[in-house]
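Those protein sequence lines, which keep their order, are chains Y and B. Residue numbers for the first sequence follow the working numbering, beginning at 6 and rising by one. Residue numbers for the second sequence follow the working numbering, beginning at 160 and rising by one.
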Amino acid sequence: MTIRKFFLVYAACCGLLLTSAVRADENPLHKGGFHYNEAGQTPPQGDGLYKDLGGSEKIAAFTSDFVGMIVKDDQIGHFFQGVNTDRLTRMLTAQFIELSGGPASYKGREMAETHAGMGVTNADFNRLAEVLQIAMDRQDVPFSTQNRLVGLLASMQRDVVTK
Amino acid sequence: MHFKTILSIAACAVLLAGAGASADEGKLLATGGVSQVEGAGGGGLVPWALIAGYETRDGVGVTVHDTYVPLSDFTLHSPGIAIGLFDRVELSYAADLFVIDNQNLMPGGLQKGYTLHQDVYGAKVRLVGDAVYDQDSWLPQVAAGLQYKRNDNETVLKAVGAKDSSGVDFYFAATKLFLAQSLLVDATVRFTKANQFGLLGFGGPRSDAYQPEFEGSLAYLFSKRFALGAEYRMKPNNLTDFAGVLPIHGERGAYDVFAAYFLNKNLSLTAAYVDLGRIADVSLAPLGVDKSLEPRSQRGAYLSLQFAY
């Protein structure tokens with residue numbers, strides 16, 4: 006093999022590696038810092054849920070309300086002591102928009118990483134979902150639409166609940 | 160007598176809960192199901208794979224229920240209790256009190272007001288899956304259960320030709336909550352010899368073998384507190400005649416359409432329209448009785464109240 010051919014092959018391999026690396030980040034089943042199984046309810050392809058949730062403005066509104074409630078919650082408030090609530094609101098808003106097929110990317114840490122060692126129980130996890138439902142109620146998100154978002158979050162139980 | 164049983168079981172459960180296992184009421188509203196007629200957690204007629212009560216895998220909870228079903232010629236009253244342990248095991252007891260309201264229905268001379276009575280002791284184990292969390296999976300929550308039923312109606316059982324006054328039903332239930340569609344689906348297979356849920360004994364001249372019967376439920380969640388659904392339950396066909404003279408027609412399946420309202424995690428109310436088919440569908444023709452007095456399909460209301468602690 007001549008040197009030129011070698012470099013061509015080498016460049017092609019690098020190109021392939023790069024594209025596969027980029028595609029790994031764009032794996033449609035890895036969204037919101039979580040790896041979904043290829044079954045059941047997965048993050049939607051289109052932006053139907055994002056639109057039904059009311060778009061970025063409404064999602065930001067109920068997320069802000071949601072964060073305001075969970076940090077004061079009798080049961081789960083203690084997990085959020087010392088947390089920067091503005092940053093948390095921004096992160097969660099981006100996560101919900103990404104999960105529902107909207108034009109934002111979640112750039113935070115993986116769900117497993119952020120919750121490691123916290124000792125979150127199923128009851129804590131469910132309580133968070135209940136508070137999110139209340140926040141969505143207050144923004145008049147229809148119940149069936151709420152369930153579609155909660156359904157995407159429910160699978161995260163295996164990464165979030167460690168107790 | 161049945162209320163004493165329920166009260167003592169409730170007392171034991173409360174002690175158990177106090178003795179160390181916590182009561183976190185951690186499950187999401189409505190995800191414990193309601194109480195079916197034989198006492199197990201599920202819909203109104205069908206046992207589901209869900210474990211009764213609101214405790215998560217970290218706790219023990221109790222539910223107490225009372226069910227009242229006024230039908231065309233009978234009234235069923237079924238008080239009961241269930242204990243949910245660590246979202247894994249469920250133990251239950253229910254009394255089925257079946258009062259005969261129509262004198263014409265019992266040509267054997269039994270009085271109006273005669274009560275068929277049955278005790279049902281149940282146990283259920285969740286085997287795999289979680290109906291709520293496994294959203295990115297096709298795996299349902301699967302449970303295996305049994306119901307030991309004991310009757311004390313020797314007179315009637317002899318007359319219809321039942322082989323036994325007690326028996327055990329075995330079942331497998333698969334339940335899944337599809338949150339994306341706000342839909343709960345259950346499919347249950349029950350192996351049973353019971354005639355009319357056991358109220359007319361077990362086995363009969365036509366068959367004394369276990370037969371698989373299919374049961375299913377579908378429920379749509381309209382809101383956090385309100386679900387609407389329908390159920391169907393097949394029944395076996397073991398009996399042939401009454402008092403050796405009057406033919407008994409085959410049992411049809413039972414079905415209901417229900418509405419369940421969950422006020423909070425302590426109280427739920429279920430109302431349904433139920434059709435249990437013809438119960439002891441005895442043909443009175445050989446007696447020369449007018450056809451208009453023939454037994455009819457037992458339809459009516461179903462009302463159930465469940466209190467959870």
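Yeah, the Cβ is synthetic: ideal placement off N, Cα and C, and Gly gets one too.
Open item on the list: At the level of alpha carbons, what is the spacing between residue 88 of chain Y and residue 166 of chain Y?
Closed with: 19 angstroms
Task: Inter-residue Cα distance where the pair is residue 456 of chain B and residue 237 of chain B - done: 20 angstroms
Open item on the list: Looking at residue 374 of chain B: is its Cβ nearer than 8 angstroms to the Cβ of residue 347 of chain B?
Closed with: yes
TODO: Let me know the secondary structure DSSP gives residue 28 of chain Y once reduced to three states.
DONE: Because the pLDDT at residue 28 of chain Y is just 49, under 50, the model does not fix this residue reliably, and the value given afterwards should be weighed accordingly. Helix.
Open item on the list: Does residue 190 of chain Y come out as helix, strand or coil in the three-state DSSP assignment?
Closed with: A query on residue 190 of chain Y cannot be resolved here, the shown segment of chain Y reaching from 6 to 168 and no further.
- [ ] Name the residue from B/313, B/227 and B/256 whose alpha carbon lies nearest to the alpha carbon of residue 430 of chain B.
- [x] B/227
Open item on the list: Once the 5 residues before and after residue 289 of chain B are set aside, which same chain residues still bring their CB inside 7 angstroms of it?
Closed with: 300
Task: Interface positions of the stretch 379-396 of chain B facing chain Y (Cβ-Cβ less than 9 angstroms), listed along the chain - done: 380, 381, 382 and 383
Task: 8 angstroms Cβ cutoff met for residue 101 of chain Y and residue 64 of chain Y - done: yes
TODO: Say whether chain B places a C-beta atom closer than 8 angstroms to the C-beta of residue 9 of chain Y.
DONE: no
TODO: Entirely within the stretch 223-280 of chain B and at least 3 residues each: give me those beta strand (DSSP E) ranges in chain order.
DONE: 233-244 and 248-259
TODO: Between the Cα of residue 112 of chain Y and those of Y/16, Y/13 and Y/38, spot the shortest distance and give me the residue it belongs to.
DONE: Y/38
- [ ] Tell me, to the nearest whole angstrom, how far the beta carbon of residue 193 of chain B is from that of residue 248 of chain B; I am working on the premise that it is less than 8 angstroms.
- [x] Not quite, the Cβ-Cβ distance comes to about 19 angstroms (not below 8 angstroms), so this is no contact.
- [ ] Run down chain B in chain order and give the residues with a C-beta less than 8 angstroms from the C-beta of residue 115 of chain Y.
- [x] Those do not exist, as residue 115 of chain Y stays about 16 angstroms from chain B at its closest Cβ, beyond 8 angstroms.
Task: Proximity to residue 246 of chain B [Cα-Cα], best of B/302, B/323 and B/386 - done: B/302
Open item on the list: On the CB-based measure, 16 or more other CB atoms within 10 Å of its CB, does residue 252 of chain B come out buried or exposed?
Closed with: buried
Open item on the list: Assuming the contact rule is C-beta atoms closer than 8 angstroms, residue 386 of chain B and residue 189 of chain B should be a hit. Round their C-beta distance to whole Å, please.
Closed with: 6 angstroms
- [ ] With distances taken Cα to Cα, identify the nearest neighbour of residue 279 of chain B among B/198, B/391, B/297 and B/312.
- [x] B/198
- [ ] Along the alpha helix (DSSP H) that carries residue 131 of chain Y, what are the first and last residues, could you check?
- [x] 127-143
Open item on the list: Relative to the C-alpha of residue 468 of chain B, which candidate in B/368, B/317, B/426 and B/388 has its C-alpha closest?
Closed with: B/426
Open item on the list: List, from N- to C-terminal side, the beta strand (DSSP E) runs of 3 residues or more that fit wholly inside the stretch 21-106 of chain Y.
Closed with: none
Task: Alpha-carbon to alpha-carbon, residue 397 of chain B and residue 363 of chain B - done: 5 angstroms
Open item on the list: For a cutoff of 8 angstroms on Cβ pairs, would you count residue 41 of chain Y as touching chain B?
Closed with: yes
TODO: Would you give the residue range spanned by the alpha helix (DSSP H) that residue 162 of chain Y belongs to?
DONE: 162-165
Task: Buried versus exposed call for residue 96 of chain Y [16 or more other C-beta atoms within 10 Å across all chains shown] - done: buried
Task: Partner residues on chain B for residue 46 of chain Y, Cβ-Cβ distance less than 8 angstroms - done: 294, 295, 337, 338 and 339
Open item on the list: Measuring straight from C-alpha to C-alpha, what distance separates residue 241 of chain B and residue 219 of chain B?
Closed with: 11 angstroms
Task: Integer Cβ distance of residue 432 of chain B from residue 416 of chain B, believed to fall under 8 angstroms - done: 5 angstroms
Open item on the list: Taking CB distances under 8 angstroms as the criterion, tell me whether residue 352 of chain B reaches chain Y.
Closed with: no
TODO: Tell me whether residue 165 of chain B is buried or exposed, calling it buried when 16 or more other Cβ atoms sit within 10 Å of its Cβ.
DONE: buried
Open item on the list: In this structure, how does DSSP classify residue 357 of chain B when only helix, strand and coil are distinguished?
Closed with: helix
Task: For residue 178 of chain B, three-class secondary structure by DSSP - done: Per-residue confidence for residue 178 of chain B stands at a pLDDT of 47, beneath the threshold of 50, marking its modelled position as unreliable; the derived number appears in the next sentence. Reduced to three states, the DSSP call for residue 178 of chain B is coil.
Task: Proximal chain Y residues relative to residue 215 of chain B, where beta-carbon distance stays under 8 angstroms - done: 126, 127, 128 and 131
- [ ] Look up residue 313 of chain B in the DSSP assignment and say whether it is helix, strand or coil.
- [x] helix
- [ ] Find the nearest neighbour of residue 136 of chain Y within the set B/421, B/399, B/458 and B/185, judged by alpha-carbon distance.
- [x] B/185
Task: Residue burial classification, residue 27 of chain Y (beta-carbon count within 10 angstroms, cutoff 16) - done: Model confidence at residue 27 of chain Y stands at a pLDDT of 48, short of 50, so the residue's coordinates are unreliable; what they give is reported in the following sentence. When all chains shown are included, residue 27 of chain Y counts as exposed.
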